[in-house]
Amino acid sequence: MEKPVIFLGPSLSHEKARKIFDADYRPPAKKGDFLRLAADPDVKLIGLVDGVFLQDYPPTPIEVYQLARKEGVLLAGAASLGALRAVELEKFGMVGIGRIFQLYKSGRLDADDEVAVTFVPEGDYTLQSEAMIDIRYNLYLSHKKGIISEKAKRALTKVAKRTYFPHRNYAHIIDEVRGRYPALSGEIDFFASYIASNRKSFKEMDAIRLVEYLKERYESTLTL
Numbered sequence: 001m002e003k004p005v006i007f008l009g010p011s012l013s014h015e016k017a018r019k020i021f022d023a024d025y026r027p028p029a030k031k032g033d034f035l036r037l038a039a040d041p042d043v044k045l046i047g048l049v050d051g052v053f054l055q056d057y058p059p060t061p062i063e064v065y066q067l068a069r070k071e072g073v074l075l076a077g078a079a080s081l082g083a084l085r086a087v088e089l090e091k092f093g094m095v096g097i098g099r100i101f102q103l104y105k106s107g108r109l110d111a112d113d114e115v116a117v118t119f120v121p122e123g124d125y126t127l128q129s130e131a132m133i134d135i136r137y138n139l140y141l142s143h144k145k146g147i148i149s150e151k152a153k154r155a156l157t158k159v160a161k162r163t164y165f166p167h168r169n170y171a172h173i174i175d176e177v178r179g180r181y182p183a184l185s186g187e188i189d190f191f192a193s194y195i196a197s198n199r200k201s202f203k204e205m206d207a208i209r210l211v212e213y214l215k216e217r218y219e220s221t222l223t224l
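Numbering-wise (my numbering), the sequence shown opens with residue 1 and increments by one.
This is the structure we're talking about:
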């Protein structure tokens, strides 16, 4: 069996992913990628994490559906576009992985912009903006650790959510909150120092889960 094909970019670097599993890692998925895979009889395991949003057209639900329905193919999604498509196509056989998938499936998340980001479209796909779901996670951790109060957490969340996703980054959000909520400036300064070296990614954790899942499925076929 061919190695699993995994569409991956800013959620988890190819370098980190290869330390877990030596799969066939490809750039964030765009329109047409899944149609080409559907025509390849040797590819049986496919993972979708990242796809393009602004840079190009993402894979449509129809082309992902055609691949998910193909006999003998296992298609899994997580973390970003993969989680969105998995919610839409789970009933047709696509496998959803991770907490973000579960949040969308349950309805606790319903906006695509929660996972949308912009990134450098080559190299290591460096993030140019932050996913709202990751901002929420870091604000939750900051509040839990006593870095910020509930009031500061709400202010940061409100400003982040109102920011158009290509411009959603910590520097912009922090500057906006400083201007709108001067009484919180001390906490915001503390948060700015904290997040500079303590940023966590919910999306990365789910992407790792998908890589581990496909590694397990692939290795199980080798022992049959």
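Even glycine gets a Cβ: it sits at the ideal position worked out from N, Cα and C.
Here the structure is a predicted model, which is why all the values come from computation and not from measurement.
*Who are Y25's beta bridge partners in DSSP?*
I6
_Relative to the C-alpha of G9, which candidate in S80, Y57, V64 has its C-alpha closest?_
S80
_What does the alpha-carbon distance come out to for the pair K191 and S142?_
Looking at the sequence shown, residue 191 is not Lys but Phe. Roughly 7 Å between the two C-alpha positions.
*Touching by the beta-carbon criterion (3+ pairs, under 8 Å), the region 140-160 and the region 201-220*: No, the region 140-160 is not in contact with the region 201-220.
*State the beta-bridge partners of L48 as determined by DSSP.*
F7, G77
*asked:* Using 8 Å as the cut-off, can you tell me whether the region 65-74 makes contact with the region 35-42, which would need three or more C-beta pairs spanning the two stretches below that distance?
replied: yes
*Name the DSSP beta bridge partners of F53, please?*
Bridge partners of F53: none, in fact.
*To the nearest angstrom, report how far apart D110 and Y104 are at their CA atoms.*
6 Å
_Quick check on the burial criterion: 16 or more other C-beta atoms within 10 angstroms. Buried or exposed for S129?_
By the neighbour-count criterion, in which a residue is buried when 16 or more other Cβ atoms sit within 10 angstroms of its Cβ, S129 is buried.
_Helix, strand or coil at V95 [DSSP, three-state]_ = Here V95 sits in strand by DSSP.
*Looking at A78 and G98, is the spacing between their C-beta atoms short of 8 Å?*
yes
*asked:* I'd like to check one pair, F7 with G47: are the Cβ atoms closer than 8 Å?
replied: yes
_Give me, in chain order, the residues of the same chain whose beta-carbon lies closer than 8 Å to that of D42; leave out the 5 immediate sequence neighbours on both sides._
M1, E2
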